[in-house]
Amino acid sequence: MNEEKLIDRAARGDAAAFNELLGAYEKKMYAVCLRMSGNHEDAQDCLQETMLRVYRAISGFKGQSTFSTWLYRVAMNTCLDELRKKRNRTSTSLDGLLEAGWSPSDEFDTPERHALNREKSAEIRRVIAELPEDMRAAVVLRDIEGMSYEEIARVLDINVGTIKSRISRGREKLREKFQSKAELFDRPDV
């Protein structure tokens, strides 16, 4: 069934149409929520809140943008609202490797390499989470989600020049933070 018909049915309260419609976007929305929140639990909470907001507001969707753009806007606003409520800082325990069921996938996947990769990933998430919310949203949508400047402008409802400025400033802040953590990213693989 085409998307317009699903939107129309969902707007009239058809739960099956709503589930089918959002099922096509769930992974992408979760990825955005994860990048914005920095951890799986908060991302799942944001995704659920996003779906609730979409369910409540779908009858008001007028098609002035694509449905996916509208969904991204709802997801980004939900994440930004949650971040404002709760300044979340991600922490990762490397001691939990064995408890989490880590086992090597090949002869080169040592506990040290696995721990280093987890530490790098956690640091990347932490540094992105430290960006101001407006810069974080623009950088995540551009550099992680691969959206065009025009798409980001529609999602965040601001002009393209502002998007470019936020991305540029955000990238510069990321560069500075990563340079201060050079010991983590410059050391050779264990």
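At position 123 of the sequence shown (counting the first as 1) the number is 122 in numbering that gives the first Met the number 0, and the numbers step up by one without a gap. A virtual CB, placed ideally from N, CA and C, is assigned to each residue, including glycine. Here the structure is a predicted model, which means the values were calculated and not measured.
Problem set entry | Neighbour-count burial assignment, residue 65, 16 or more Cβ in a 10 Å radius | Numbered from its first residue, the sequence shown carries residue 65 at position 66. The residue in question, residue 65, is exposed, as its Cβ has fewer than 16 Cβ neighbours within 10 Å.
For this session: Would you mind stating whether residue 42 and residue 33 have Cβ atoms separated by less than 7 Å?
Result: Counting from one through the sequence shown, the residue named residue 42 turns up at place 43. Counting from one through the sequence shown, the residue named residue 33 turns up at place 34. Contact: yes.
Exercise. Hey, how far is the Cα of residue 17 from the Cα of residue 1?
Worked result: By 1-based counting over the sequence shown, the position of residue 17 is 18. By 1-based counting over the sequence shown, the position of residue 1 is 2. Taking the straight line from one Cα to the other gives about 13 Å.
Exercise. Are the beta-carbon atoms of residue 28 and residue 139 separated by less than 7 Å?
Worked result: Walking along the sequence shown from the start, residue 28 turns up at place 29. Walking along the sequence shown from the start, residue 139 turns up at place 140. No. Outside cutoff.
Exercise. According to the Cβ coordinates, are residue 148 and residue 157 closer than 7 Å?
Worked result: On the sequence shown, position 149 is the one that residue 148 refers to. On the sequence shown, position 158 is the one that residue 157 refers to. The Cβ atoms of residue 148 and residue 157 do not sit closer than 7 Å to each other.
For this session: Tell whether a beta-carbon distance below 7 Å holds between residue 72 and residue 159.
Result: The residue given as residue 72 occupies position 73 in the sequence shown. The residue given as residue 159 occupies position 160 in the sequence shown. For residue 72 and residue 159, no; Cβs fall outside 7 Å.
For this session: Leaving aside the five residues before and after residue 40 along the sequence, list all residues of the same chain whose C-beta is less than 6 Å from its C-beta, in chain order.
Result: As a first step, residue 40 must be located in the sequence shown, where it is residue number 41. Within the same chain, residue 40 has no close Cβ partners at all.
Exercise. Does the distance from the CB of residue 79 to the CB of residue 132 come in under 7 Å?
Worked result: Here the question's residue 79 lines up with position 80 in the sequence shown. Here the question's residue 132 lines up with position 133 in the sequence shown. Going by C-beta atoms, residue 79 is nearer than 7 Å to residue 132.
Exercise. Distance, Cα to Cα, residue 3 vs residue 12?
Worked result: Working through the sequence shown from its first residue, we reach residue 3 at position 4. Working through the sequence shown from its first residue, we reach residue 12 at position 13. Distance between the alpha carbons of residue 3 and residue 12 is about 14 Å.
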